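Here is the structure we will look at, set down as structure tokens.
Here's what the structure looks like:
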């Protein structure tokens with residue numbers, strides 16, 4: 363009796379979490395959107411590791427980016443988001459793909475991956491002398507980075 367209730371509560375909690383906007387229809391043909399995306403990534407300092415003009419797909423390598431709690435959710439402890447801690451380092455990687463709808467519009471599919479890490483000793487050796495310790499964080503975008511990319515693409 364309790365298992366279906368708990369599963370339903372978990373499902374409703376997951377549905378209530380903010381979902382990242384992963385693109386949508388844009389008023390540019392796919393080849394032009396692809397060329398603009400290359401420029402946007404260059405201006406952001408992101409390094410493309412894969413670019414296929416035939417498939418209109420670009421992937422970037424992770425680049426160190428200081429994020430705020432408005433941009434990413436990396437969890438927290440005692441109600442305080444980890445992202446507020448100055449010891450948290452974040453890196454962001456992008457993947458964007460365009461599909462032509464017609465000669466004037468295209469569909470954009472955008473994925474953003476965020477790696478977070480808490481550098482407990484900030485490069486200093488730990489008390490046992492074995493080096494720094496740390497904790498990997500599971501971070502996800504709140505949708506702000508996607509909005510910013512879409513705005514930059516529209517300029």
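Numbering (the numbering used here), first residue to last: 363 to 517. From the three backbone atoms N, C-alpha and C, an ideal C-beta is built for every residue, glycine too. All values derive from a computational prediction rather than experimental measurement.
In whole angstroms, what is the alpha-carbon distance linking residue i and residue j?
i: residue 470; j: residue 424; result: 20 Å
i: residue 435; j: residue 511; result: 18 Å
i: residue 464; j: residue 442; result: 47 Å
i: residue 390; j: residue 427; result: 28 Å
i: residue 447; j: residue 438; result: 10 Å
i: residue 445; j: residue 452; result: 9 Å
i: residue 394; j: residue 415; result: 10 Å
i: residue 461; j: residue 399; result: 13 Å
i: residue 440; j: residue 466; result: 50 Å
i: residue 473; j: residue 503; result: 9 Å
i: residue 449; j: residue 480; result: 6 Å
i: residue 417; j: residue 404; result: 19 Å
i: residue 468; j: residue 456; result: 18 Å
Within 10 angstroms of the Cβ of residue i, are there 16 or more other Cβ atoms? Answer buried if so, exposed if not.
i: residue 411; result: exposed
i: residue 513; result: exposed
i: residue 429; result: buried
i: residue 508; result: buried
i: residue 458; result: buried
i: residue 401; result: exposed
i: residue 482; result: exposed
i: residue 497; result: exposed
Give the range of the alpha helix (DSSP H) segment to which residue i is assigned.
i: residue 393; result: 392-406
Less than 6 Å between C-beta atoms, sequence neighbours within five positions excluded: which residues of the same chain meet that for residue i?
i: residue 432; result: 506
i: residue 501; result: 434, 436, 476, 478
i: residue 413; result: 420
What residue does the beta strand (DSSP E) around residue i start on, and which one ends it?
i: residue 460; result: 450-462
i: residue 515; result: From DSSP, residue 515 is part of no beta strand (DSSP E) but of the alpha helix (DSSP H) over 506-516.
i: residue 469; result: 468-481
i: residue 430; result: No beta strand (DSSP E) holds residue 430; DSSP gives it neither H nor E.
i: residue 421; result: 419-422
i: residue 498; result: 496-500
i: residue 389; result: Per DSSP, residue 389 belongs to no beta strand (DSSP E) and is neither H nor E.
i: residue 447; result: Note, residue 447: premise wrong, no beta strand (DSSP E); not H, not E.
Looking at the ligand GTP, does it come within less than 7 Å of residue i, judged from the CB to the closest heavy atom?
i: residue 512; result: Absent from the structure shown: the ligand GTP. Ligands present: none.
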